[in-house]
Amino acid sequence: MSSLTRRHFVAGSAIAAAGVFMPTVLRAQATTIRWGEMLATTHPQVQMVDRIANTAREKSGGRIDIQSFPNGQLGSGKDMMDSVVSGALTFTTDGAAALGALLPQLSVIEAPYLWRDAAHMSKVGASPQFAAMNDDLVAKRGLRMLGVTYYGIRHLTTGAKEVKTVADMAGFKLRVPPVDTFRAMAEAWGAKATPINFNELYLALSQGAVDGQENPLPTIASAKLQEVQKYLVLTGHIITPRLIIANEAALQAIDPADRAILDEAIAEAITWQDAELARQEAELLGTLKGAGMTVIEPDVESFRKPVLEKVPPLFEEKWGKGTWDALAAL
-6 MSSLTRRHFV AGSAIAAAGV FMPTVLRAQA TTIRWGEMLA TTHPQVQMVD RIANTAREKS
54 GGRIDIQSFP NGQLGSGKDM MDSVVSGALT FTTDGAAALG ALLPQLSVIE APYLWRDAAH
114 MSKVGASPQF AAMNDDLVAK RGLRMLGVTY YGIRHLTTGA KEVKTVADMA GFKLRVPPVD
174 TFRAMAEAWG AKATPINFNE LYLALSQGAV DGQENPLPTI ASAKLQEVQK YLVLTGHIIT
234 PRLIIANEAA LQAIDPADRA ILDEAIAEAI TWQDAELARQ EAELLGTLKG AGMTVIEPDV
294 ESFRKPVLEK VPPLFEEKWG KGTWDALAAL
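Here the sequence shown is numbered in my numbering, starting from -6 and rising by one per residue.
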């Protein structure tokens, strides 16, 4: 893993933004891919990137060189997404709701209480709705979604307050990602939506800037949020996809044979990562209890009802009728 600093990265970004992929120009068979990640090296998503890098390097005889920059080294999720748009980065992964800042209708893929389970969510990648969104993303933003990964089931955590029903969320300062879907969910619960970038979350929780947050168990554990949160509330409100995003121009510059190797490496690593996340989720409840968290099984229906009254009509108002129902019926 490279030790490239953010300053050096930004200094070199003008060349990449201009579309000059030097290794490709100088050696037709060589491809260098910069992949930025918000998550810690212990998270399966980052380990997935490392597996892709190792497989692609081995199967290409070293022609494909994937350089991984985890743990928010290159800025916030938005910073990295902007860098993929410009070409300064080649790949990143992020949630569908975050990507909705570039193509608003994509945020429905990460909507609360839409998917029945992980298998249901995984069907979205093969759906005509997803294909249409991908075509729009390429045409309007120069980005392509290369895969849908399972990120886990999101639950609520709190620092001091026991939360058992949605009534307990009134006035609660809930950290959410800085995207509309999560803000609408928090507001439906009666909470005060407080957008904070993930790499600032631990400090915000430790200082009491927010009362709690929501994330899948592997993310909670890998970020050590159990150190600054007392209660784990099993709301299960979102079965979360995470999308592999690539700069389309950079993809088109890759030799077709190497592109096939890369696509195969991505597919294999997604299968591993999804299974690893599911395995960790099955074990982490006990781990987090052992770390001192109190686990609460809330009245989930009290959380579900106000969200389903507010969020689906919001999507239909913005992007037309039928999208929510079509995805729910997959």
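Using N, Cα and C, we set each Cβ at its ideal position, and we do this for glycine too.
Should Leu255 be labelled buried (16 or more other beta-carbon atoms within 10 Å of its own) or exposed?
-> With 16 or more neighbouring CB atoms inside 10 Å of its own CB, Leu255 falls in the buried class.
Can you give, in chain order, each stretch of the beta strand (DSSP E) that sits fully within the stretch 133 to 219 and has at least 3 residues?
-> Within the stretch 133 to 219, the complete beta strand (DSSP E) segments at least 3 residues long are 136 to 151, 166 to 169, 185 to 188, 205 to 209, listed from N- to C-terminus.
CA nearest to the CA of Ile57, picked from Val77, Ile26, Gly68 | When Val77, Ile26, Gly68 are compared, the shortest CA-CA separation from Ile57 is found for Ile26.
Terminal residues of the alpha helix (DSSP H) in which His230 lies = Premise fails: His230 lies in the beta strand (DSSP E), 224 to 240, not in any alpha helix (DSSP H).
With a floor of 4 residues, list each alpha helix (DSSP H) that falls wholly inside the stretch 69 to 125, ordered by position along the chain.
-> For the alpha helix (DSSP H) assignment, the uninterrupted runs of no fewer than 4 residues enclosed by the stretch 69 to 125 are, from N- to C-terminal side, 70 to 79, 89 to 92, 111 to 115.
Excluding five sequence neighbours on each side, which residues of the same chain lie with their C-beta closer than 7 Å to the C-beta of Tyr106?
-> Only residues of its own chain outside the window of five on either side were considered, and among them His230, Arg297, Val300, Leu301 have a CB closer than 7 Å to the CB of Tyr106, listed in chain order.
Cβ-Cβ distance between Asp87 and Gly70 below 9 Å | Taking a C-beta distance under 9 Å as the contact criterion, Asp87 and Gly70 qualify as a contact pair.
Closer than 8 Å by C-beta to Tyr144: which residues in its own chain qualify, once you throw out the five before and the five after it? Chain order, please.
-> Gln38, Gly88, Pro209, Thr212, Thr233, Pro234, Arg235, Leu270, listed in sequence order.
With DSSP collapsed to three states, give me the class of Thr287.
-> Here Thr287 carries a strand assignment [DSSP, helix/strand/coil].
Nearest to Lys157 by CA position, among Ala321, Met31, Ala260, Thr228, is which residue?
-> Closest in alpha carbon position to Lys157, among Ala321, Met31, Ala260, Thr228, is Thr228.
Which listed residue (Phe308, Arg252, Trp265, Gln222) has its alpha carbon closest to that of Ile289 = Cα-wise, what sits closest to Ile289 is Gln222.
CA-CA distance, Asp173 and Gly93?
-> Asp173 and Gly93: Cα-Cα distance of roughly 8 Å.
Would you call the CB atoms of Asn192 and Asn64 closer than 9 Å?
-> Cβ atoms of Asn192 and Asn64: closer than 9 Å.
From what residue to what residue does the beta strand (DSSP E) around Gln40 run?
-> Here Gln40 belongs to no beta strand (DSSP E); instead the alpha helix (DSSP H) covers 37 to 52.
On the three-state DSSP scale, how would you describe Asp251?
-> Helix, per DSSP.
Please confirm if the stretch 276 to 295 is in contact with the stretch 163 to 180, defined as three or more CB-CB distances below 8 Å between the two stretches.
-> Flag = no, the stretch 276 to 295 and the stretch 163 to 180 do not touch.
For Met114, collect the residues of the same chain with a Cβ closer than 6 Å to its Cβ; drop the 5 residues on either side in sequence, then sort them by chain order.
-> Around Met114: Trp108, Ile232, Pro234.
Helix or strand or just coil, what does DSSP make of Asp58?
-> DSSP, read as helix, strand or coil, puts Asp58 in strand.
Skipping 5 residues on each side, what residues in its chain have a beta carbon closer than 7 Å to that of Leu277?
-> Residues Leu210, Pro211, Ala214 of the same chain have their beta carbon placed closer than 7 Å to that of Leu277, with the five preceding and five following residues left out of the count.
In chain order, what residues of the same chain lie with their CB nearer than 7 Å to the CB of Ala321, ignoring the 5 residues before and after it?
-> Result list for Ala321: Leu107, in chain order.
Assigned secondary structure, Gly65 (DSSP; H/G/I helix, E/B strand, else coil) | If DSSP states are grouped into helix, strand and coil, Gly65 belongs with coil.
If Thr85 sits next to Ile247, beta carbons under 8 Å apart, how far is it from one beta carbon to the other, in whole angstroms?
-> In fact, because the Cβ distance is near 17 Å, the residues do not count as touching under 8 Å.
Going by CA-CA distance only, name the one from Ile102, Ala125, Asp318 that's closest to Phe175.
-> Closest option to Phe175, judged by alpha-carbon separation, among Ile102, Ala125, Asp318: Ile102.
To the nearest angstrom, report how far apart Gly29 and Gln66 are at their CA atoms.
-> So the two alpha carbons sit approximately 8 Å from each other.
Euclidean distance between Cα positions of Gly279 and Gln40 | Cα to Cα, the separation comes out at about 23 Å.
CA-to-CA distance, Thr287 to Val226, given in whole angstroms = Using only the alpha carbons, I get a separation of about 8 Å.
Separation of Ala111 from Thr17, as counted between CA atoms | Unreliable placement is indicated for Thr17, whose pLDDT of 39 sits below 50; the coordinate value is still reported in the next sentence. Taking the straight line joining both Cα atoms gives about 38 Å.
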